[in-house]
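**Q**
Numbering (our numbering), first residue to last: 984 to 1144.
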């Protein structure tokens, strides 16, 4: 199995994982985020399949990060529903690790690629996976912050979130 075939399998596995999480979160705003991510992974697999078959493709920017940030802005409702979902933090941490592993793998494939088009594709995928990483990093912060954040003037200036 070459690097592109491996990457296709990995993207399809990621799509499956995010679809399962979307199913598990049908009753809250996280469903939308997981659907966006599953669609992104499916699109990445399609790009890789086109590269494998030497079919032309476009590396267009997507708006997943911007769209998920809009979901986070409606936190009031999000927070109330979130507290009813057990073990979600573990799901986010697992997804964060999956995205980190994807970034590292695509960076490795990028440096090993000799073909300019393949190199460009892996560079694009690194950026896409970095956006996914930011989404889960933000989710983890959003969930952990209420438990570790103390609002009191004596504790000094804190970063905004």
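Every residue, glycine too, gets a C-beta built ideally from N, C-alpha and C.
Could you give the C-beta distance for residue 1123 and residue 1075, rounded to a whole number, given that I count them as a contact under 8 Å?
**A** Counting from 1 along the chain shown, the entry for residue 1123 is found at position 140. Counting from 1 along the chain shown, the entry for residue 1075 is found at position 92. 5 Å between Cβ atoms; contact.
**Q** Out of curiosity, what's the CA-to-CA distance linking residue 1040 and residue 1027?
**A** Within the chain shown, numbered from 1, the residue matching residue 1040 stands at position 57. Within the chain shown, numbered from 1, the residue matching residue 1027 stands at position 44. Taking the straight line joining both Cα atoms gives about 11 Å.
**Q** Given a cut-off of 8 Å, decide if residue 1017 and residue 1005 are closer than it, judged by their beta-carbon atoms.
**A** The residue you call residue 1005 lines up with position 22 of the chain shown. The residue you call residue 1017 lines up with position 34 of the chain shown. Yes, the pair counts as a contact, with Cβ atoms nearer than the cut-off.
**Q** Can you check whether the CB of residue 1109 is closer than 8 Å to the CB of residue 1093?
**A** Taking the first residue of the chain shown as 1, we reach residue 1093 at position 110. Taking the first residue of the chain shown as 1, we reach residue 1109 at position 126. Their beta carbons are under 8 Å apart, which means residue 1093 touches residue 1109 by this criterion.
**Q** Which term fits residue 998, buried or exposed, when burial requires 16 or more other beta carbons within 10 angstroms of its beta carbon?
**A** Here residue 998 corresponds to residue number 15 of the chain shown, with the count starting at 1. It counts as buried.
**Q** Considering only the beta carbon of each residue, do residue 1079 and residue 1116 sit closer than 8 Å?
**A** Counting from 1 along the chain shown, the entry for residue 1079 is found at position 96. Counting from 1 along the chain shown, the entry for residue 1116 is found at position 133. For residue 1079 and residue 1116, yes; Cβs fall inside 8 Å.
**Q** Closest to residue 1082 by CA distance: which of 1008, 986, 984 and 990 is it?
**A** One-based indexing of the chain shown puts residue 1082 at position 99. Minimum Cα distance to residue 1082 is reached at 990.
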